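J.:
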Amino acid sequence: MQRILRFLLLFSIAWIVFPFVFPFLHGSSSRGLSAGPRETTNDGMTVSMMILPEAFAATPTDLKQINHKIETLKAALSKEKNKRTFFLKRLKTAEIASGRIRLQLQKTEAALKKESQLLEKLNHDQTTYQAKLATERAELADHLRAAYMIGREPYLKLILSQNDAQRVSHLLMYYHYLSKGQLSAIHDLQSTLARLRQNQTSVQAQTHILQNLQKQQSDERAHLEALKQERQQAIGELNNKIKTKNQRLAELLADKRLLEQTLSRLEKQHQIEAIMKQDFAALKGKLSWPTKGSVLPYFGIPIDQSELKWDGILIRAPEDQPVYAVAGGKVVFAKWLPGYGLLLIISHGHGYMTLYGRNHNLYKKPGDMVQKGDLVATVGRSGGYEKPALYFAIRHDAKPLNPSMWCHRGENQ
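The letter at position 366 of the sequence shown is residue 366 when you use the UniProt record's numbering, and the numbering goes up by one with no holes.
(1) Roughly how many whole angstroms lie between the Cα atoms of Gln106 and Lys387?
(2) Quick one: complete beta strand (DSSP E) runs, 3+ long, within the UniProt domain "M23ase beta-sheet core" (310-403)?
(3) For Pro302, which residues does DSSP report across the bridge?
(4) Reducing DSSP to helix, strand and coil, say where Ser294 ends up.
(5) With distances taken from CA atoms, which of Ser116, Tyr356 and Lys372 is nearest Val379?
(6) Between the C-alpha atoms of Lys364 and Asp279, what's the straight-line distance to the nearest angstrom?
(7) Taking the DSSP output, what are the residues bridged to Leu287?
(8) If you draw a straight line from the alpha carbon of Met405 to that of Glu120, how long is it in whole angstroms?
(9) Looking at the structure shown, is Asp219 part of a helix, part of a strand, or coil, going by DSSP?
(10) Excluding the 5 residues flanking Leu91 on each side, which residues of the same chain have their C-beta closer than 6 Å to its C-beta?
(11) Could you give the DSSP three-state label for Asp279: helix, strand or coil?
(12) What whole-angstrom Cβ distance do Glu95 and Arg231 have, given they're in contact under 8 Å?
(13) Would you please state the rounded distance, in angstroms, between the beta carbons of Ala389 and Ile315? I believe it to be under 8 Å.
(14) Given a threshold of 16 other Cβ atoms within 10 Å of its Cβ, counted over all protein chains shown, does Gly349 qualify as buried or as exposed?
(15) Taking its Cβ as the centre, do 16 or more other Cβ atoms sit within 10 Å of Leu259, making it buried, or is it exposed?
(16) Determine the closest residue to Ala194 out of Pro290, Gln211, Gln130 and Val332, with distance taken between C-alpha atoms.
(17) Between the alpha carbons of Ile101 and Ser191, how many angstroms are there, rounded?
(18) Quick check: the Cα distance between Thr127 and Met369, rounded to an integer number of angstroms?
(19) Throw me the rounded Cβ distance for the Leu210 and Glu319 pair, which I believe falls under 8 Å.
(20) Please classify Pro290: is it buried, with 16 or more other beta-carbons within 10 angstroms of its beta-carbon, or exposed?
(21) Rounding to the nearest angstrom, what Cα-Cα distance links His408 and Thr207 in this structure?
(22) Rounded to whole angstroms, what is the Cα-Cα separation between Leu296 and Leu343?
(23) Taking C-beta to C-beta, are Gly339 and Asp255 nearer than 7 Å?
(24) In whole angstroms, what separates the C-alpha of Gly373 from that of Lys330?
(25) Taking Cβ to Cβ, would you say Phe392 is nearer than 7 Å to Pro400?
(26) Nearest by alpha-carbon distance to Ala325: which of Ala138, Gln371 and Ser264 is it?
(27) Thinking C-alpha only, which one of Thr354, Val332, His223 and Ser264 is nearest Lys284?
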């Protein structure tokens with residue numbers, strides 16, 4: 001502040017004194033009066049420029065303070081960058097783990113349903129065996145009563161007391177069937193009892209399996225809920241770091257640049273024209289949409305009124321709704337990417353690629369071959385988004401193509 005005051009004071013003095021000094025400097029008073037304003041201005045500026053460096057001369061102490069401020073700013077920017085990287089990693093970890101736990105939870109629920117049906121069948125068999133056991137006990141009791149009644153009359157005496165040979169034959173046959181029936185009834189009863197005991201053991205084991213699955217399901221749901229909270233915290237922290245439109249655009253631009261670099265690298269690494277029988281270019285206007293939902297035709301529209309434009313479209317759909325490959329090809333990328341979440345990229349040969357982003361789960365890995373209609377992912381919100389949707393894009397030699405021009409019109413409207 002003192003240097004500024006010195007400058008203003010010296011400049012004012014020079015401006016007042018210079019018209020009177022100027023004629024003596026040039027040796028002509030008349031020329032000074034006639035051409036004073038123009039030349040006074042120029043030479044006045046010269047004097048002021050001579051004074052200016054002296055007034056604003058930076059001392060070593062000033063330079064040291066400036067350098068200190070620069071270093072402080074650099075450290076702050078580095079710290080903010082490190083914080084963003086940290087929260088991005090937290091978001092990535094939470095979303096990948098959430099997808100994995102969700103997939104495991106679906107398997108657990110399917111197993112729980114299957115084992116519940118098996119337990120229901122075992123319980124039904126238990127009721128059937130118990131009813132059968134009651135019937136067989138009643139039949140055995142009938143056989144025992146009949147044997148008891150006959151047993152009151154000695155077997156040999158009963159036979160010898162008969163004079164009719166045919167009657168004797170009938171009695172012998174009756175005794176035979178009675179004895180055989182008793183043995184069969186006893187055998188059936190023993191067999192039913194064995195099955196009943198085995199079934200009871202199976203019911204106990206199945207109940208134990210179900211209890212374990214139910215506990216596993218409860219633990220997975222609790223873990224999933226914790227991951228959801230972790231995800232929301234990471235999103236909140238990231239949003240706090242992005243306070244202005246310019247910062248948001250810078251983030252989007254960085255995400256887009258990373259995607260472009262990824263696509264460029266993939267094009268160089270994966271050349272699969274030889275193995276693709278279908279010419280992807282011939283499918284323009286014939287592709288099915290990768291999932292059902294409301295298409296938001298953002299392609300080519302500026303983002304937040306900037307020069308950055310949408311290079312794909314969004315399909316609003318319920319979370320975990322299946323996502324299908326629109327054509328045959330080879331999976332060349334399947335992992336989390338900033339701004340795109342869990343992203344899957346399929347190369348269709350001849351420079352064509354389709355991109356599926358923001359997924360909840362990925363069912364394919366790099367190197368997998370897919371056919372049209374294969375399940376490749378499920379709709380999600382990964383990448384830090386609030387509402388579930390599928391990001392879908394088509395590229396040819398890294399150039400964005402409008403998906404609405406390639407998929408069936410009206411099919412997904």
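C-beta: ideal position from N, C-alpha, C; glycine also. Predicted, not measured: the structure shown is a model, and the values here were computed from it.
T.: To lay it out plainly:
(1) 21 Å
(2) 313-316, 322-324, 329-337, 341-349, 352-362, 375-379, 389-396 and 399-401
(3) Lys309
(4) strand
(5) Tyr356
(6) 23 Å
(7) Cys407
(8) 52 Å
(9) helix
(10) Ala234 and Gly384
(11) coil
(12) 6 Å
(13) 6 Å
(14) buried
(15) buried
(16) Gln130
(17) 46 Å
(18) 50 Å
(19) Going by Cβ atoms, the distance from Leu210 to Glu319 rounds to 27 Å, so no, they are not a contact pair.
(20) buried
(21) 50 Å
(22) 19 Å
(23) yes
(24) 13 Å
(25) no
(26) Gln371
(27) Thr354
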